[in-house]
Structures are given as structure tokens and as C-alpha cells.
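Residue numbers (the working numbering): 32 to 189.
Everything on this sheet refers to the single structure shown next.
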């Protein structure tokens, strides 16, 4: 079980959710929507807002109860994000319909334990609009799974 929380209200707003054993808190860090540029890239003293969110908030929880949302369309930033939170899981939506590349997400975001939860919703459920959409969706999901399996295998994680 998990809950997604916006971290901008600070630690006292996130801490109550971290008190539940065996539950995850997922903090928004760098989202894939265009509007993310309005605030998340705001630069103060050479540090972007999303980088500050990562560096400050990682002290609130552990790698076993807190992860971050980083949109797949921001895959180029994953290398820098991994410098700040090398061991946290990253929930990465946006592969497929939003234009995120699974290959780039794996290349820049994977750590020594994988550390990624990759999501492709619309890329799967809207892969086809015929009567056989369910079969096509199943095939698309298998295709993405096999691609991820390849990247995991290349890193000897499976």
C-alpha cells in the first residue's frame, strides 16, 4: 500500500504518513506534465526546486518507506536525481502515451537493485480501440515487460 503526497507543505505534513509500518509514501519530485516547469525547475542559488525537495525530504523517511515520482519524460534528469537519492525507489510514470522512453529510464534511473517502478497506463489500455482491445493491451503489457526484462538482464539483475 502507498500514498502519493505533495512534499511542499514540509516534513510535518508528510511525517504522519511515514508512521505506518509496511506502507509507502510516494513524494512528487519531478513530474512529466508541462506545468512542472512552472515551479519544479525554479532555480535558487544553483539548486532547482525538485533537487531541494529530494535532498531535504530524503532525511524524513528511509529507502524502505519512501520513494519519489519522477516522470519518464524527464529521463535525462534521472542521472542527476540518482546522485541525490541513489538508493530510493523511483516511481516513473509516462512510458508510452506521454512519450517517455523505457530505454532512457533504465539507462539513467536504474541503480544496483533496479530501484524503479515503471508505469505505462495509457500506453497499454489505449493501445487499441477495436473489439480486441483487451488482447492488444495484454500484448502491449508483455512487450513492455520483455523490454524491461532485457534491461534488467543486461545489468545482471535477473
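Built from N, CA and C at the ideal position, the CB exists for glycine as well.
Only a predicted model underlies this, so the values are computations on that prediction, with no experimental measurement involved.
Taking 7 Å as the threshold (C-beta atoms), are residue 155 and residue 168 in contact?
yes
Rounded to the nearest angstrom, how far is the Cβ of residue 127 from that of residue 161, given a contact under 8 Å?
The pair is not a contact, with the Cβ atoms about 18 Å apart (cut-off 8 Å).
For residue 102, which residues from the same chain have a beta carbon less than 8 Å from its beta carbon, with the 5 sequence-adjacent residues on both sides left out?
61, 62, 63, 64, 67, 123, 124, 125, 129 and 131
Tell me the rounded alpha-carbon separation between residue 110 and residue 178.
20 Å
Give me the DSSP bridge partner(s) of residue 35.
57
Is it the case that the Cβ atoms of residue 78 and residue 119 are separated by a distance below 7 Å?
no
Where DSSP assigns a beta bridge to residue 74, which residues make up the other side?
For residue 74, the pairing in a beta bridge is given by DSSP as 79.
Could you pull the start and end residues of the beta strand (DSSP E) that residue 148 belongs to?
147 to 150
In three-state DSSP terms, what is residue 40?
Of the three classes helix, strand and coil, the one that applies to residue 40 here is helix, per DSSP.
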